[in-house]
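What follows is a single structure, written as structure tokens, with notes after it.
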Amino acid sequence: MSMLDRVHAASWVITLLWCSSLRLLAQPPPNARIGYVYPAGGQRGTTLEVIVGGQSLRGTRATWISGSGIQAEVVDYTRPLTPNEARDLREELAKLVEKRKTKGPSALSPAEQQRIEQIRRELSTRLIRRPSSQAIAEVVTLRISIEPDATPGRRELRLRTPFGLTNPLPFFVDSFPHIVRPPIRLLPAVEELIERNQRGLAYPLPRQDEPLEIQLPAVLDGQMLPGAVHSYRFQARRGQNLVAIVQARELVPYIADVVPGWFQAAIQIRNREGITIAAADHFRFQPDPVLHCLIPADGTYTLEIRDSLYRGRQDFVYRVVIGELPYVTWYFPMGGQVGRPTRVRLTGWNLPVQTLFARPTGEGLWPLKLPNSEIPYQQLAFAADRLPEWIETREEPNKLTRVRPPVILNGRIDQPGDWDTFEFRGEAGQWIVADVIARRLGSPLDSVIKLLDPSGRLLAMADDGDVDPSGLLTHYADAYLQVRLPVRGIYKLLIGDVQGRGGLEYTYRLRLAPPQPDFDLRVCPASVNLRAGYSIPVQVHAIRKDGFDGPIRLRLTNAPAGLTLEGGLIPTGQQTVRVTLTAAPHLAPQLLTLELEGEASINGATIKREALAAESFTQAFAYQHLVPAGAWLLEILEGRQRLPWRLASPSTIRLSPGGEATVRLQVTARRLPPQWSGIHVELSEPPDGISIREVRATGETVEVILAADKEKAKPGLRGNLILETFTRVTLPTANAPRRSRQVSLGYLPAVPFEIVPPT
């Protein structure tokens, strides 16, 4: 009998023996992730202890922090005790204490005395740190040193574990001193939980902490427990313009298992009599509040911060930057033409200047920075484009304005209920795009646009769009429409606020032009971990613009020899594709910064765009958001073995509805561990309507028979199929029946597919 003759339905079994043991199996690494960093920043010239909560963090050996001027070392790792571990420790401690009690202290050896202290330490640190979510159950402690000349601002922190890099989270370098509360170690007292249950309360009882004395300016760092209210007491003078900026949602953008899906902070300032003189629980459409307070009299004041719903747990982390801080509340215009200086007017609190000049040298978003400011809490973006610009002046608000597309209109909805009206000439059959950019640049405008034909009838109307490059907006309030004009004549375009609001801060940029087909790319995850000799899937997303629906070819631009990308094509009309990265067996362990480029042919020109790394976050159990990260990193891990097979037919697979196609695998291994019960193959996240019908073995070749459902598989569908292989491993147990579990052995490189019409 051939060694591949033992085949079972819908799976294939190889009873070969592999020379390596299961312990050396190079299966896909676990998904090491971090859920919070506390404190999420530090002052220049200081050394601080930082805790990072997450999962699969055992053995963390180093960190990766973007930028220069920061060094970090791993100090400790802890995880919660399991119930059995806690029981065993208590029993051991009870025996030692009883021995000391009955026979006297001299009856204990020095080792036993040390063991008592060790057990007490274990119970006091590991038992009470049990989190409300396993995603943040493990804790790594870091010692971070920030050099005195480190550039203030936002950095990215990732841990380097035996399983590779974690996802990034922000860490800030500040110029101000920090007030750091002790990290959370204790859960709410049992008495409080009993009282809540007896009173039928569905929410925690508010609990006011003793105020901490602080001096301004300062950065306040805290973690919020359920029901907690953190207080800070300070001295202030009459006439001071205090600004308190909260960073909470910014530190952990989305928390998958809470509603709303982030730490929704609420902040207030009270006077000596306890009267609230300023309060905020948001800033416009942003969940993180910004509080401005004009101090009415000399005296003592208290700042309080809490979750608006009195929720809390370890990843409810916050920073409050407070002092007489400069803060821009609005600026105008929010963009300008490439190569031409633009005068930008500023309004806000404690501003050193009222005007800046922007001089963009290329398209895109450019930072606007206040002079002599080293405060990283506010990032203003100036949008640069190559189209002509029109800028509203104070002398001409709300008047009918004749414009000539293509043009970018910079205006404001100055008063509640106002509409700005623009008039332009259009030709029959001409396509025109009206694209509002306001909320994406921080404006509170909830835009609505109307297009009237030459007779004055409503031709088209648009409210919310569907583009969010930041991944942080939950209300896509920038209106967009693309219309084909029916006749030649004068058209009117009106823009207003759909909620009837207005003010000087309700600024906008409105692109009125023929379509400019284009695309942007996102690739996730931002940290990819891959063993040498193996493949790993990554997801690439296309943000298509102005009707562009053509194919986008993908390639790595800086990959070392031996690292390849498979399935590098986003098909026509599709928004996303899963591709694979494959590392050759000879590649040494290393950390790489990768660059992924997309290329498309648009109107006869070749357009290239670099993909931005992003993390996919789940909001409130359901919604997915792509939040850009700073760098796309790949850690190549040691590949102790190779997969015992390879693709023998990597070309495009063509399937018709109701038909079949074959993927062939060439077996290359000679031995498998005896504790394996078999190997089977599955499709990883297949498109609807494509499945594995059968797996056959013929000599040294394994054939995976794919089937396309007659109803669900639609002609024209294209993409990649990724095969993942599994085995069942028998686990040794001391006093119980032998158990087995399914283990992934790895992925095969992506195989392109296409659904074709039946012949």
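16 is the number of the first residue of the sequence shown in my numbering; add one for each residue after it. Cβ atoms here follow ideal geometry from the backbone N, Cα and C, with glycine treated the same way.
Does the region 602-612 come close enough to the region 572-591 to have 3 or more Cβ pairs within less than 8 angstroms? Taking 8 angstroms as the limit for Cβ pairs, the verdict is that the region 572-591 does touch the region 602-612.
Q) Using DSSP with H/G/I as helix, E/B as strand and the rest coil, what is S692? A) The residue you call residue 692 lines up with position 677 of the sequence shown. Below a pLDDT of 50, predicted positions are generally treated as unreliable, and S692, at 49, falls in that range; the measurement from the model is reported next regardless. Of the three classes helix, strand and coil, the one that applies to S692 here is strand, per DSSP.
task = Say whether the region 614-633 touches the region 666-682, bearing in mind that this needs 3 or more beta-carbon pairs closer than 8 angstroms, one atom from each stretch.
result = no
- Item | Which of helix, strand or coil DSSP assigns to E700 | Walking along the sequence shown from the start, residue 700 turns up at place 685. If DSSP states are grouped into helix, strand and coil, E700 belongs with coil.
P226 versus A243 - alpha carbon distance: Position 211 of the sequence shown, counting from 1, holds the residue named residue 226. Position 228 of the sequence shown, counting from 1, holds the residue named residue 243. Whole-angstrom Cα-Cα distance: 12 angstroms.
(Q) Can you tell me whether F372 is buried or exposed? The criterion is at least 16 other CB atoms within 10 Å of its CB, across all chains shown. (A) Residue numbering aside, residue 372 sits at position 357 when the sequence shown is read from its first letter. So F372 counts as exposed.
Going by CA-CA distance only, name the one from P672, F298, Y342 that's closest to T362. For this step, residue 362 is matched to residue 347 along the sequence shown. That would be Y342, whose Cα lies nearest to the Cα of T362.
*Taking the C-alpha atoms as reference points, what is the distance between R433 and L648?*
For the purposes of this step, residue 433 is taken as the residue at position 418 of the sequence shown. For the purposes of this step, residue 648 is taken as the residue at position 633 of the sequence shown. Reading off the sequence, residue 433 comes out as Asp, not Arg. Approximately 48 angstroms between the Cα atoms of the pair.
Which partner residues does K465 have in the DSSP bridge list? Numbered from 1 along the sequence shown, position 450 holds the residue referred to as residue 465. Answer is M476, L509, bridged to K465.
- Message: Please identify the residue among V482, L545, V555 whose C-alpha is closest to the C-alpha of G761.
- Response: Counted from its first residue, the sequence shown places residue 761 at position 746. In terms of Cα proximity to G761, the closest of V482, L545, V555 is L545.
Could you tell me how far apart the beta carbons of V89 and R73 are, in whole angstroms, since I believe they sit closer than 8 angstroms? Position 74 of the sequence shown holds residue 89. Position 58 of the sequence shown holds residue 73. Rounded, the Cβ-Cβ distance is 12 angstroms, inconsistent with contact.
Point to revise | Reference A663; option with closest CA among P701, A294, E715, D429 | key: The sequence position of residue 663 within the sequence shown is 648, counting from 1. Closest option to A663, Cα to Cα, is E715.
- Could you give the uninterrupted runs of the beta strand (DSSP E) lying entirely in the region 346-432, keeping only those of 3 residues or more? 350-352, 357-364, 370-373, 379-383, 395-400, 404-406, 422-427
Which residues mark the beginning and the end of the alpha helix (DSSP H) in which P532 is found? Here the question's residue 532 lines up with position 517 in the sequence shown. Neither: P532 is in no alpha helix (DSSP H) and is coded neither H nor E.
| message | With the cut-off set at 8 angstroms, would you say D236 and R334 are in Cβ contact? | response | Along the sequence shown, one-based indexing puts residue 236 at 221. Along the sequence shown, one-based indexing puts residue 334 at 319. Going by C-beta atoms, D236 is nearer than 8 angstroms to R334.
Closest by C-alpha distance to A398, when choosing among R419, T117, P375, P304
The residue you call residue 398 lines up with position 383 of the sequence shown. Residue P375 holds the alpha-carbon nearest to the alpha-carbon of A398 among R419, T117, P375, P304.
Strictly by DSSP, which residues pair up with A281? Reading the sequence shown from its first residue, position 266 is the one you call residue 281. For A281, which the question treats as bridged, DSSP gives the partners R321.
Could you give the first and the last residue of the continuous beta strand (DSSP E) run that contains D272? To locate residue 272, count along the sequence shown from 1; it is residue 257. Element bounds for D272: n/a, residue is neither H nor E.
ask   = Residue ranges of each beta strand (DSSP E) run of no fewer than 3 residues wholly in the region 139-196, ordered along the chain?
value = Counting only runs of 3 or more, we get 153-161, 168-176, 184-189, 193-195.
Measuring CA to CA, which of R222, A557, D189 is closest to P566? Position 551 of the sequence shown, counting from 1, holds the residue named residue 566. Ranking R222, A557, D189 by Cα distance to P566 puts A557 first.
Beta-carbon within less than 8 angstroms of A122's beta-carbon, same chain only, minus the 5 sequence neighbours each way: which residues are those? Taking the first residue of the sequence shown as position 1, residue 122 is located at position 107. These residues qualify, in order along the chain: K114, R115.
Note to self: Please classify K465 as buried or exposed, where buried requires at least 16 other C-beta atoms within 10 Å of its C-beta.
What the structure shows: In the sequence shown, the residue the question calls residue 465 occupies position 450. Buried, since its Cβ has 16 or more Cβ neighbours within 10 Å.
**Item:** Residue closest to G457, alpha-carbon to alpha-carbon, out of C539, F347, Q279
**Value:** As a first step, residue 457 is located in the sequence shown; it is residue number 442 there, counting from the start. Per the Cα distances, F347.
Check: Using 8 angstroms as the threshold, is the region 514-525 in touch with the region 465-481, meaning 3 or more CB pairs across them?
Finding: The region 514-525 vs the region 465-481: no contact.
Check whether the region 244-253 and the region 306-322 touch, using three or more Cβ-Cβ pairs below 8 angstroms as the test. yes
Evaluate R454 with the Cβ neighbour count: other Cβ atoms within 10 Å of its Cβ, from every protein chain shown; 16 or more gives buried, anything less gives exposed. The residue you call residue 454 lines up with position 439 of the sequence shown. So R454 counts as buried.
Discussion item. Tell me the rounded alpha-carbon separation between A281 and D296.
Written reply: The count along the sequence shown starts at 1 and reaches residue 281 at position 266. The count along the sequence shown starts at 1 and reaches residue 296 at position 281. Answer to the nearest angstrom: the Cα atoms are 4 angstroms apart.
- [ ] Quick one: give me the first and last residue of the alpha helix (DSSP H) that Q133 is part of.
- [x] Along the sequence shown, one-based indexing puts residue 133 at 118. Per DSSP, the unbroken alpha helix (DSSP H) holding Q133 starts and ends at 125-137.
Since A723 and P672 should fall inside the 8 angstroms C-beta cutoff, what is the C-beta to C-beta distance between them, to a whole number of angstroms? What you label residue 723 is simply residue 708 of the sequence shown in a count that begins at 1. What you label residue 672 is simply residue 657 of the sequence shown in a count that begins at 1. At roughly 6 angstroms, the Cβ-Cβ gap stays under 8 angstroms, so A723 and P672 are in contact.
Exercise. Pull up the DSSP beta-bridge partners for I567, would you.
Key: Along the sequence shown, read from residue 1 onward, the residue named residue 567 stands at position 552. I585, per the DSSP bridge assignment.
Taking CB distances under 8 angstroms as the criterion, tell me whether L602 reaches chain B. Absent here is chain B; the protein component of the structure consists of one chain.
**OP:** With a threshold of 16 other CB atoms inside 10 Å of the CB of R756, please say whether the residue is buried or exposed.
**Re:** The count along the sequence shown starts at 1 and reaches residue 756 at position 741. By the neighbour-count rule (16 or more Cβ atoms within 10 Å), R756 is not buried but exposed.
- So, helix, strand or coil for V543, using DSSP? Here the question's residue 543 lines up with position 528 in the sequence shown. Of the three classes helix, strand and coil, the one that applies to V543 here is strand, per DSSP.
Item checked: Alpha carbon of M476 to alpha carbon of Q58, nearest angstrom -> Position 461 of the sequence shown, counting from 1, holds the residue named residue 476. Position 43 of the sequence shown, counting from 1, holds the residue named residue 58. Whole-angstrom Cα-Cα distance: 50 angstroms.
Give me the residue from L500, Y523, T597 with the minimum Cα distance to W345.
Locating residue 345 in the sequence shown gives position 330, counting from the first residue. That would be Y523, whose Cα lies nearest to the Cα of W345.
request  = Would you grab the beta carbon distance between T572 and T597 for me? Rounded to a whole angstrom, and I think it's under 8 angstroms.
outcome  = Residue mapping note: residue 572 aligns to position 557 of the sequence shown, counting from 1. Residue mapping note: residue 597 aligns to position 582 of the sequence shown, counting from 1. No, T572 and T597 are not in contact; Cβ-Cβ is about 17 angstroms, not under 8 angstroms.
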